[in-house]
Structure formats: C-alpha cells, structure tokens
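This report refers to the structure that appears directly beneath it.
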Amino acid sequence: MGEGEERVHRLMTRERFPYLHDLLASTANQDEIEIWESLDSRMTHWQGRDWRGDTEMTSALAAEARRFDRRYPPGNPKRQSAWWALGSEAAAEFYVGPLLRELAGIDRR
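The number in my numbering is simply the position in the sequence shown, starting from 1, with 106 added.
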C-alpha cells in the first residue's frame, strides 16, 4: 500500500468510526497502565467522571464497536490495520477483542 493509499484508508476508517477514533486517539499514549486495562478508566479520562450519563455517546460508541466487529471480524486480515488507522498502536487481537466486547455492551449497563 502506497503512502497516499494508506492516508485515504486511515481517513475513511476514522470517518466510519468517529467515536472509536476519538476514544482511541485521546487515550493512545497515556502512561497510566490503568487506562489500558480498564474501560472505565479510559472512558473517564476521555469524557470525564459522568460519562455513563451520556446515553447518546455511549449508544453511538457501542454501535460503532459492534459495526467494527462485523466489518472486520477476528481473523480478517484487514482488522489490525483498521484498528491502527483509528489511532491505536496496540492492535494485537488479545487487546482489540476484549476492548471491543466491552465497548459493544457499554450501552446496556
């Protein structure tokens, strides 16, 4: 993939999943290990302590997580590059899978 194609892929992926991109980009390079380990810590860092009350945001984020999983299911060769395009350097499945599962159910809590 050329540099121009890579840029287009990154921009299109971010446009398809704006909430996921914002969450991952805003917490991607944090030193606090808890942000990587805990969805609640990550969301609090991104949105503030009252993030659970923002039903519009949690619904949109959950819908995007479910859509991402359908579009790029585990085992799909494009899954890792799409996750990276959203702004996360940690694109290994042992990290992506659990985070997407947690995000997909965030609107049901």
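All residues carry an ideal CB built from backbone N, CA and C; glycine is no exception.
So, with DSSP's three-state summary, where would you put residue i?
i: residue 144; result: coil
i: residue 208; result: helix
i: residue 117; result: helix
i: residue 178; result: coil
i: residue 194; result: coil
i: residue 203; result: helix
Out of the options, which has the shortest C-alpha to C-alpha gap to residue i?
i: residue 173; options: 124, 146, 148, 190; result: 124
i: residue 133; options: 149, 209, 181; result: 149
i: residue 176; options: 116, 203, 214, 144; result: 203
i: residue 118; options: 212, 189, 213; result: 189
i: residue 201; options: 212, 214, 185; result: 185
Specify, as a first and last residue, the run of the alpha helix (DSSP H) that residue i falls within.
i: residue 123; result: Residue 123 -> no alpha helix (DSSP H), and no H or E assigned at all.
i: residue 187; result: 185–191
Pull up the distance between the alpha-carbon of residue i and that of residue j, whole angstroms please.
i: residue 182; j: residue 199; result: 11 Å
i: residue 163; j: residue 157; result: 8 Å
i: residue 154; j: residue 160; result: 10 Å
i: residue 147; j: residue 116; result: 26 Å
i: residue 178; j: residue 109; result: 22 Å
Do residue i and residue j have their C-beta atoms within less than 8 Å of each other?
i: residue 168; j: residue 209; result: yes
i: residue 171; j: residue 206; result: yes
i: residue 193; j: residue 151; result: no
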